[in-house]
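See below for the structure under consideration.
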Amino acid sequence: MEKLEHIGIAVKNLNEANKVFATLLGKPHYKIEEVASEGVRTSFFDVGGLKIELLEATRADSPVAKFIEKRGEGIHHLAFAVDNLEACMADVSEKGFRLLADKPKDGADNKRIVFLHPKSTSGVLVEMCEEKK
Ligand code: CMX
Numbered sequence: 019m020e021k022l023e024h025i026g027i028a029v030k031n032l033n034e035a036n037k038v039f040a041t042l043l044g045k046p047h048y049k050i051e052e053v054a055s056e057g058v059r060t061s062f063f064d065v066g067g068l069k070i071e072l073l074e075a076t077r078a079d080s081p082v083a084k085f086i087e088k089r090g091e092g093i094h095h096l097a098f099a100v101d102n103l104e105a106c107m108a109d110v111s112e113k114g115f116r117l118l119a120d121k122p123k124d125g126a127d128n129k130r131i132v133f134l135h136p137k138s139t140s141g142v143l144v145e146m147c148e149e150k151k
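Numbered according to my numbering, the sequence shown spans residues 19 to 151.
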């Protein structure tokens, strides 16, 4: 893992949460993007190179909708940047971590992404992401 790339935060209402984080951080979000395959609308804030990704569910069966229903709003995942996603998938799998997909999916912010099951990572949902070339 090269660096912590972003922290994902599940929110009920993206517009309201954008205002809260803009006030807190002293700057507005720099983009809003919908990821239809994940059932989320996202916004991004840059904090010294680390990104905060706010996540709002766009449908009832979205992982973010389920998360909020069960646990309420809050930190949803940590995303680490990697150089070679397929090699990292093979590596973490060999080390016993549970991948949530066989193949990378397209994520927000020009990334290919794969998640690890939180039960294999001390209760934290971990994303590995690679910038699309
Ligand atoms: N962080 C930590 N634990 C989590 C979690 C999260 N984000 N989401 C669920 N869990 C916990 C559940 O609370 C549950 O714990 P208990 O058994 O102790 O109650 C456990 O993980 C397993 O839950 P589950 O019912 O088996 O599975 P879910 O249907 O809740 O799905 C997960 C959990 C992680 C497999 C699913 O959310 C998933 O596949 N996530 C990856 C995709 C994703 O999150 N996409 C949205 C973001 C997309 C983006 O960033 O672009």
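C-beta atoms are modelled at their ideal positions from N, C-alpha and C, and glycine is treated no differently.
*Leaving out five residues before and five after Tyr48 in sequence, what residues of the same chain have Cβ atoms less than 8 angstroms from its Cβ?*
Within the sequence shown, the letter at position 30 stands for residue 48. Answer for Tyr48: Phe62, Phe63, Asp64, listed in chain order.
*When every heavy atom of ligand 1 is checked, does at least one fall within less than 7 angstroms of the C-beta of Val142?*
The sequence position of residue 142 within the sequence shown is 124, counting from 1. Yes, Cβ of Val142 sits closer than 7 angstroms to a heavy atom of ligand 1.
*For ligand 1, is there a heavy atom less than 7 angstroms away from the beta-carbon of Leu73?*
Residue numbering aside, residue 73 sits at position 55 when the sequence shown is read from its first letter. Checking the Cβ of Leu73 against ligand 1 gives yes.
_Taking DSSP's pairing of strands, which residues face Lys49 in a bridge?_
Position 31 of the sequence shown, counted from the start, is the residue given in the question as residue 49. Note: Lys49 sits in a beta bridge opposite Phe62.
*Taking all protein chains shown into account, decide if Ser80 is buried (16 or more other Cβ within 10 angstroms of its Cβ) or exposed.*
In the sequence shown, counting from the first residue as 1, residue 80 sits at position 62. Buried.
*How should Asp109 be labelled, buried or exposed, when 16 other C-beta atoms within 10 angstroms of its C-beta is the threshold for buried?*
Position 91 of the sequence shown, counted from the start, is the residue given in the question as residue 109. Classification for Asp109: exposed.
*Same chain only: Cβ atoms within 8 angstroms of Lys123, ignoring 5 sequence neighbours per side*: In the sequence shown, counting from the first residue as 1, residue 123 sits at position 105. Closer than 8 angstroms at the Cβ level, and outside the excluded window around Lys123, lie Ser55, Glu56, Arg130, Ile131, Val132.
*Under 8 angstroms, do Asn31 and Glu74 count as touching if we go by C-beta distance?*
As a working mapping, residue 31 is identified with position 13 in the sequence shown. As a working mapping, residue 74 is identified with position 56 in the sequence shown. Yes, Cβ-Cβ distance for Asn31 and Glu74 is below 8 angstroms.
_Per the DSSP calculation, Glu71 is bridged to which residue(s)?_
Within the sequence shown, numbered from 1, the residue matching residue 71 stands at position 53. According to DSSP, Glu71 bridges with Gly26, Phe62.
*asked:* By the three-class DSSP mapping on this structure, what secondary structure does Ala126 have?
replied: Within the sequence shown, numbered from 1, the residue matching residue 126 stands at position 108. Of the three classes helix, strand and coil, the one that applies to Ala126 here is coil, per DSSP.
*Excluding sequence positions up to five away, which residues of its chain have a Cβ less than 8 angstroms from the Cβ of Asp101?*
The residue labelled residue 101 in the question sits at position 83 within the sequence shown. Excluding positions up to five away in sequence, the list reads Glu20, Glu148.
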